[in-house]
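Trainee: Sharing a structure below in C-alpha cells format, with a few things to ask.
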Amino acid sequence: MKTRILKILRNYPDYISGQELCESIGVSRTAVWKIINKLKEEGYQIEAVQNRGYHMVSCPDIVTESEIVSRLSTKWAGKKILYFNEVDSTNNQAKREAENGAAHGTLVVADSQSAGKGRRGRSWSSPVGTGVFMSLILKPELHPEYASMLTLVVALATARALEEITGLSAMIKWPNDIVVNKKKVVGILTEMSTEMESIHYVVAGVGINVNMDKLPEEINKTATSLRIELGKPTNRAVLIEAFLRYFEEYYEKFERDKDLSNLMVPYNERLINKGNMVKILGTNEEYVGKALGINKRGGLLVERENGIEMITSGEVSVRGVYGYV
Ligand code: ATP
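When we follow our numbering, the leftmost residue of the sequence shown carries the number 758, and every step to the right adds one.
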C-alpha cells in the first residue's frame, strides 16, 4: 500500500485530495494518514493542505523496496525487491535468497555491505548510504558456459543507465568495470551455481560509487564516484530504476539470441581500450597486444604478433599499458 501511495504522489503533478487517494487505493482516510506519516518519517517531504490534499515536495535518497518499486516500469526485472540496511555482501545475500527459491529477476539491495566483494577474493569498499549495492538473481535456461556473457549484459545496462541519468560518458573496461574519466565507478561480480549441465542460478552484483565525496586512499588513484565527477549528488533509486529498465531490454535480446550479437555494437562503442595497446595479466603469463573489441560470445579479441587471440574473462585482468586503463 505504501508503494501505491508513493507511486500516486510521485506521478501526480498537483495536490491530490485525501478522498481521492483513499478511493483509488480502497482504504480508509486514517490508513492513508498513517502511511503518509510513515513516509514523512522516512524523509519524504509531503505537504498536506486543507481543502487541497497531499503533495510530495521531495523524496530522500533511499533505496528501500517501496522507493524503487514505485518508480519501476519493467515487466519482470526487479519486480521483487529485497531491501536490507546492511548485509555482508549483496551477492552472498542473493545466493541465500536464490537457494530459498527467490524468483528470476529478484533484486537484493542494501544500504551498506560489511564485506563487499570483488573478483578473486578481493574486497569492494562500501560506505553506508552513498553507493548502490545490488545483486540480481537470474535463473536462465542456458548452458553454464554462456553465463560469462551475462556480466557483459549487466555492464552495458549499467553504462547506459549512468549515461541517461548523469549525462556522463560511461566507458566499459572489459569485462566488468565501468569507467568515467578514466577512473572506475562501477564493479560487477557475477557468481553462479550450476547443476550438471545447467545453471541453477546466477547472481549478478553491481556496486556503483554514487555519492561518496572522497574514496579511500588505497583506491583513489583508480576509482572515483559520480558525485566527484558531477559535482552534485545523484538519486540512487533513480539509477537503479534505469539500470533495471535497460537490463530487462538487453537480457531479452541475449536470451533470444543466446549470444551478444545484438549488443556487441553498443558494448564496443563504450569499450575503453578499443584500438589501444593493453596489458593482459593472466595467471601464468603477461603480454601486450592491441584490443580490437569483443565478439558475439563476449570474448575480447586481442591482436598479437602471431595473430588474433580471443580472451575469455575468467582469470585475466586487462590494464592500459601505462596504468589502469
Ligand atoms: P581487474 O581489472 O584487476 O581484474 P577488477 O577491476 O575486476 O580487477 P574487482 O575484483 O571487480 O576488480 O574489484 C575489486 C578491486 O577494485 C579491489 O581490489 C580494489 O582495488 C578496487 N575497489 C574496491 N572498492 C572499490 C570501489 N568502491 N570503487 C572502485 N574500486 C574499488
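Where is the CB? At the ideal position from N, CA and C, for every residue including glycine. This structure is a prediction, so every number in the text was calculated from the model and none was measured.
When you compare the segment 850-860 with the segment 815-826, are there three or more beta-carbon pairs, one atom per stretch, that lie closer than 8 Å?
Mentor: no
Trainee: Between Asn966 and the rest of its own chain, which residues show a CB-CB distance below 6 Å, the 5 nearest in sequence each way excluded?
Mentor: Gly888, Val942 and Ser982
Trainee: Who are the Cβ neighbours of Ala855 in its own chain at under 6 Å, not counting the five residues just before and after it?
Mentor: Only Ile894 and Tyr958 meet the Cβ criterion.
Trainee: By the 10 Å Cβ neighbour count, where 16 or more other Cβ atoms means buried, how is Met928 classified, buried or exposed?
Mentor: Buried, since its Cβ has 16 or more Cβ neighbours within 10 Å.
Trainee: Enumerate, from N- to C-terminal direction, the unbroken alpha helix (DSSP H) stretches of 4 or more residues contained entirely within the segment 857-904.
Mentor: none
Trainee: Check whether the segment 946-956 and the segment 894-905 touch, using three or more Cβ-Cβ pairs below 8 Å as the test.
Mentor: By the Cβ test, the segment 946-956 is in contact with the segment 894-905, since at least three Cβ pairs between them sit closer than 8 Å.
Trainee: One question on the structure: do Val866 and Phe890 come within less than 9 Å of each other, judged by their Cβ atoms?
Mentor: yes
Trainee: For Lys930, which option in Ala994, Gly1032 and Ala904 has the closest C-alpha, if you only look at C-alpha atoms?
Mentor: Gly1032
Trainee: Enumerate in chain order the residues of its own chain whose CB-to-CB distance from Glu777 is below 8 Å, with the five nearest sequence positions on each side excluded.
Mentor: In chain order, Gly810 place their CB closer than 8 Å to the CB of Glu777, counting only its own chain and leaving out the 5 sequence neighbours on each side.
Trainee: Is Thr847 near the ligand ATP, with its Cβ less than 8 Å from a heavy atom?
Mentor: Checking every heavy atom of the ligand ATP against the Cβ of Thr847, none is found closer than 8 Å.
Trainee: Terminal residues of the continuous alpha helix (DSSP H) containing Gly775?
Mentor: Segment Gly775 to Ile782, the alpha helix (DSSP H) holding Gly775.
Trainee: Flag Gly888 as yes when its Cβ comes closer than 8 Å to any non-hydrogen atom of the ligand ATP, and as no otherwise.
Mentor: The closest heavy atom of the ligand ATP lies less than 8 Å from the beta carbon of Gly888.
Trainee: Distance check for Ser846 and Arg786, CA to CA, integer angstroms please.
Mentor: Straight-line Cα distance between these residues: approximately 40 Å.
Trainee: I need the DSSP call for Leu1020, collapsed to helix, strand or coil.
Mentor: Coil, per DSSP.
Trainee: Would you be able to state if there are at least three C-beta pairs under 8 Å between the segment 1001-1016 and the segment 910-924?
Mentor: Yes, they touch.
Trainee: Taking the alpha carbon of Cys816 as the reference point, which residue from Ala872, Gly800 and Thr947 has its own alpha carbon closest?
Mentor: Considering only Ala872, Gly800 and Thr947, the residue with the shortest C-alpha distance to Cys816 is Gly800.
Trainee: If you check the beta carbons only, do Gly862 and Ala904 fall under 9 Å apart?
Mentor: Note that the C-beta distance between Gly862 and Ala904 is not below 9 Å.
Trainee: So within the segment 811-848, which uninterrupted beta strand (DSSP E) runs reach at least 3 residues, ignoring any that extend past its ends?
Mentor: 838-844
Trainee: Can you name, in chain order, every residue of its own chain whose Cβ lies under 7 Å from the Cβ of Ala918, other than the five neighbours on each side?
Mentor: Leu996, Ala999, Phe1000 and Tyr1003
Trainee: Quick check: what's the CA-CA separation for Tyr1079 versus Thr979?
Mentor: 12 Å
Trainee: The alpha helix (DSSP H) with Ile985 in it runs from where to where?
Mentor: If you look at Ile985, you'll find it in the alpha helix (DSSP H) that goes Leu983 to Leu987.
Trainee: Can you check whether the CB of Glu948 is closer than 9 Å to the CB of Val963?
Mentor: no
Trainee: Report the residue from Asn842, Ile803 and Lys837 whose alpha carbon sits nearest the alpha carbon of Gly858.
Mentor: The candidate whose alpha carbon is nearest that of Gly858 is Lys837.
Trainee: State whether the segment 1061-1068 contacts the segment 1045-1053, with contact taken as three or more CB pairs (one from each stretch) at a distance under 8 Å.
Mentor: yes
Trainee: Under three-state DSSP, which class holds Met969?
Mentor: coil
Trainee: Just reading off the beta strand (DSSP E) that Asp934 is part of, what are its end residues?
Mentor: Asp934 to Val937
Trainee: Tell me the DSSP secondary structure of Glu952 in three-state form.
Mentor: strand
Trainee: Is Asp818 near Met906, with beta carbons less than 9 Å apart?
Mentor: no
Trainee: State the start and end residues of the unbroken beta strand (DSSP E) segment that holds Val1075.
Mentor: Ser1074 to Gly1077
Trainee: Just the C-alpha distance for Ser1074 and Val820, rounded to the nearest angstrom, thanks.
Mentor: 32 Å
Trainee: Buried or exposed: where does Asp1014 fall if 16 or more other Cβ atoms within 10 Å of its Cβ makes it buried?
Mentor: exposed
Trainee: Taking 9 Å as the CB-CB limit, is Arg786 close to chain B?
Mentor: Judged by its chain identifiers, the structure shown contains no chain B, having just a single protein chain.
Trainee: Quick one: what's got a C-beta closer than 8 Å to Asn842's C-beta in the same chain, skipping five residues either side?
Mentor: Once the five neighbours on either side are set aside, the close Cβ partners of Asn842 are Ala867, Asp868 and Ser869.
Trainee: From Ile803 to His812, what distance separates their C-alpha atoms?
Mentor: 6 Å
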